[in-house]
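Worksheet: one structure, shown below.
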Amino acid sequence: MSTEAKRPPTQKRAEKGAAGNNGSDAPPANDAAQTTVEQRRELLHSMMLQRRFEERCAEAYALGKIGGFCHLYIGQEAISTGVMSMIRPDDYVITAYRDHGQALARGVTPRSVMAELFGRADGCSGGKGGSMHIFDAKTNFLGGHGIVGGHVPIAAGVGFAIKYRRGNQLCVCFFGEAAVNIGAFHEALNLASLWDLPVIFIIENNRYGMGTAISRSTANEDVIVRAKGYRMDGESVDGQDVFAVRDCMSRAIERARKEKRPTLIEMRTYRFMGHSMSDAVSGTYRTKDELEENMKRDPILLLHNRMFEAGELTEGEMHKMDDEAKAIAQDAWDFADASPEPALDQLYTDVYADTSS
Amino acid sequence: MAVVTYRDALTQALREELQRDDTVFLMGEEVAQYNGAYKVSKGLLDEFGPMRIVDTPITELGFAGVGVGAAMVGLRPIVEFMTWNFALLAIDEVVNAAAKMLYMSGGQYKMPMVFRGPNGAALQLSAQHSQAWESWFAHIPGLKVCTPGTPADAKGLLKSAIRDDNPVVFLEGEMLYNTKGEVPDGEHLVPIGVADLKREGDHCSVITHGKMALVAMRVADDLAKEGINIDVVDLRTVRPIDVEAIARSVQKTNRAVVLEEGWEICGMGSQVVDFIQRECFDDLDAPVLRVHQEDVPMPYAKNLERAAKPDAAKAIAAIKKVMYLD
């Protein structure tokens, strides 16, 4: 199974971290990550849709239309948008429970995501999964998973299956920085590197595992060095900059498709909301000042400013785009609200598949 | 019918299904070059190559998750645990991932996979290596749990498990690998969820599964010499469980003993007794008794280990008690 890698692993570090980048750099030069104006508009639209959609999620949660746990992605949209804009429809995506934004960026319909959050029959998981378990086979979206780190070995398994079939797809696996301390992460990275599996492991480092700061959870906060422990290429990027995300992804994708090698990427970001809807945005574990400072680097604002300054977007066009995002979120809400609850006979379906081969 | 060992019966099942379907693969510790810790996969690496017979590091959580991921996108993994004691490190993938994937995805992602390996106590392996896990996994909706006691059932159930589109926990008996029995020639499938009446008698029902099925058959043969004839209901599968077979037997004999390898509290016997009291309340002539491991971690010393395990003598005592013969 295993073959010796010919290349030594590289440890790259972006010059600018999540803090301190003013966002006014020109897009990086990597060819595959280059964008046209039209593509930049699409990136902005994708991020704005996630933002407006999740703002409605918060509202729906407060109204009791969404129950259980509801973890919002607000502030991290450049990562989902940047990553999804670089991969192919036949690639696979798997993620943790903060999954709405990634699902939307992947192309899962806003209606089916909102209906799932509302626990309705037309939800992408039939109302059986809820916020943490968005699944959509049509877009190879392999779920939202609710146990920290538990899905990371599953991503390696998807990579194994790609290799088994001699395919050239890849699997992208998202998780938070708190997952790097759990055994499943380490076991998965070792296997992915040992067996040369085409998996891109993305640490979304939003600095807090629930309410615990990375400095209080992780002996070496420089999480990307963990790639080296598994002879894997690793790179840290500014996760608030959609172009930096795309640029970094272009290298990881090439590595996965051509060298059949995995990559670990740390995307430095910040969570603008609480861990879930049931906790305060700031308070005991982080200050309001810290939050406000980081909100200055809102990924949507950064892209908007860049396009605005480059004359690629007028304020009017921005408002129009925003209105469209709001309209889509409203349509999703209306659809979800009108969708029936799952029929009671659905209680016992899907426990077992009734087929065999 | 050929007489083969339980081990060879399992190897036959693996070989036949690997030949039949090229999406089937086997992974686990020492399954390939070493030919398997218990030699169940002997010769398979040579026949099927390293992509399908996959040696893993000692990383149960990791490779169980790899199996789940591969099953999600259409392969049919067979994940071998060197023993089920080690599988506790991987239980998140079995319980939280494999068992629930179909349900929480609203039917979108099937889990056609098998987790298999030796279960239960062998000899003097002490506390951490001598445990029977079937009641743990039988508790979980979404899993199927097979506990074959004979070579024929081992082969037939493993083939059915590999072909099943659901995650199957397949518990082999470490002490059974060398036992022999007749296995039907040619294609041999045993349906999951169907018990087998291994001995027939009118005086008492012994309901059992796994390694204890052998003990129960021995007990039946011994008691027959005393003129006591018992039904041995070998469940073979503990999820789904064949309630009809249990009821049929108890309604005939009016007495029952449940014999299992695991512990008493929340053991398989607790569930079987619950079925009996619901289905056979008016049929019973005596309270149902249970025979199981003593409620202690398995000790190492020979005499203590013997005292802790369920055995034929304990089963016979229970049978005589429900027959009011003691």
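If you're matching them up, the sequences are chains A and B in order.
In this text, residue positions in the first sequence follow numbering that gives the first Met the number 0: the first is 0, and each later residue adds one.
In this text, residue positions in the second sequence follow numbering that gives the first Met the number 0: the first is 0, and each later residue adds one.
Backbone N, C-alpha and C fix where the C-beta goes; we use that ideal spot for every residue, glycine too.
In whole angstroms, what is the alpha-carbon distance linking residue i and residue j?
| i | j | result |
| --- | --- | --- |
| B/P56 | B/G27 | 8 Å |
| A/Y347 | B/M103 | 12 Å |
| B/D7 | B/A137 | 26 Å |
| A/A255 | A/F173 | 16 Å |
| A/E199 | A/C170 | It should be pointed out that residue 199 of chain A corresponds to Ile in this sequence rather than to Glu. Spanning the two alpha carbons is a distance of roughly 6 Å. |
| B/M216 | B/E15 | 29 Å |
| B/L88 | B/G66 | 15 Å |
| B/Y37 | B/V272 | 34 Å |
| B/P296 | A/R225 | 39 Å |
| B/K99 | B/L170 | 20 Å |
| B/D195 | B/I161 | 20 Å |
| A/L300 | A/S338 | 34 Å |
| A/A266 | A/G208 | The sequence shown places Met at residue 266 of chain A, not Ala. Looking at the two C-alpha atoms, the distance is approximately 15 Å. |
| A/E291 | A/L43 | 22 Å |
| B/I206 | B/L258 | 6 Å |
| B/G209 | B/M174 | 11 Å |
| A/K127 | A/I65 | 13 Å |
| A/D98 | A/D321 | 22 Å |
| B/M267 | A/I201 | 43 Å |
| A/A160 | B/G73 | 8 Å |
| A/C49 | B/G106 | Per the sequence presented here, residue 49 of chain A reads as Gln, with Cys not at that position. Using only the alpha carbons, I get a separation of about 26 Å. |
| B/Q250 | B/E278 | 9 Å |
With DSSP as the reference, label residue i as helix, strand or coil.
| i | result |
| --- | --- |
| A/G22 | Interpretation of A/G22 is limited by its pLDDT of 40, a score under 50 that renders its predicted location unreliable; the figure taken from the coordinates is listed afterwards. Residue state, collapsed to three classes: coil. |
| B/S125 | coil |
| B/G42 | coil |
| B/V272 | helix |
| A/N189 | helix |
| A/K227 | helix |
| B/N118 | strand |
| A/G175 | strand |
| A/E203 | strand |
| B/D54 | strand |
| B/P76 | strand |
| B/T10 | helix |
| B/R289 | strand |
| A/T354 | coil |
| B/M297 | coil |
| A/Y163 | helix |
| B/A160 | helix |
| A/V280 | coil |
| A/Y347 | helix |
| B/L356 | Coverage of chain B is limited to positions 0 through 325, which leaves residue 356 of chain B absent and any answer about it impossible. |
| B/A255 | strand |
| B/L324 | coil |
| B/V30 | coil |
| B/K99 | coil |
| A/L312 | coil |
Using the Cβ count rule (16 or more neighbours within 10 Å means buried), how would you classify residue i?
| i | result |
| --- | --- |
| A/P152 | buried |
| A/A218 | exposed |
| B/S149 | With the sequence shown as reference, residue 149 of chain B is identified as Thr, and Ser is not the correct amino acid for it. Per the 10 Å Cβ criterion, buried. |
| B/I318 | buried |
| A/T94 | buried |
| A/H318 | exposed |
| A/A177 | buried |
| B/V214 | buried |
| B/D302 | This sequence places Asn at residue 302 of chain B; Asp is not what is there. Classification of B/N302: exposed, given that the 10 Å Cβ count is below 16. |
| B/A312 | exposed |
| A/L343 | exposed |
| B/S248 | buried |
| B/T82 | buried |
| A/D90 | buried |
Alpha helix (DSSP H) runs contained entirely in the stretch 103–149 of chain A, provided each spans 4 or more residues: Within the stretch 103–149 of chain A, the alpha helix (DSSP H) runs of at least 4 residues that lie entirely inside it are, in chain order, 109–116.
Any alpha helix (DSSP H) of 4 or more consecutive residues that is wholly inside the stretch 162–246 of chain B: Counting whole runs of 4 or more residues, the stretch 162–246 of chain B contains the alpha helix (DSSP H) stretches 211–224.
Interface residues of the stretch 111–131 of chain A facing chain B [CB-CB below 8 Å]: Listed by position along the chain: G122, C123, S124, G125, G126, K127 and G128.
To test your reading of the DSSP string, which unbroken beta strand (DSSP E) runs of 3 or more residues are found completely within the stretch 206–272 of chain A? For the stretch 206–272 of chain A, whole beta strand (DSSP E) runs of length 3 or above, ordered along the chain, are 232–237 and 262–267.
Going along the chain, which unbroken runs of the alpha helix (DSSP H) with 4 or more residues stay wholly within the stretch 34–79 of chain A? If only complete runs of 4 or more residues are kept, the stretch 34–79 of chain A shows the alpha helix (DSSP H) at 36–61, in order along the chain.
In the stretch 23–43 of chain B, which residues sit with their C-beta less than 8 Å from some C-beta in chain A, listed in chain order? Per Cβ criterion, the list reads F24.
Along the stretch 180–192 of chain A, where does the CB come closer than 7 Å to a CB of chain B? Name the residues. Those residues of the stretch 180–192 of chain A that come within reach of chain B (Cβ to Cβ, closer than 7 Å) are G182, A183, E186, A187, N189 and L190.
Proximal residues, the stretch 147–169 of chain B versus chain A, C-beta separation under 8 Å: In summary, the residues of the stretch 147–169 of chain B whose CB is separated from some CB of chain A by less than 8 Å are S159, R162, D163, D164 and N165, in the order they occur in the chain.
Between the stretch 53–72 of chain B and chain A, which residues of the former have a C-beta closer than 8 Å to a C-beta of the latter? Cβ contacts with chain A come from V53, D54, T55, P56, T58, L60, G61, F62, A63, G64, V65, G66, V67, G68, A69, A70, M71 and V72.
Give the residues from the stretch 99–115 of chain B that approach chain A closer than 7 Å (Cβ to any Cβ), ordered along the chain. Of all residues in the stretch 99–115 of chain B, L101, Y102, M103, S104, G105, G106, Q107, Y108 and K109 have a Cβ within less than 7 Å of some Cβ in chain A.
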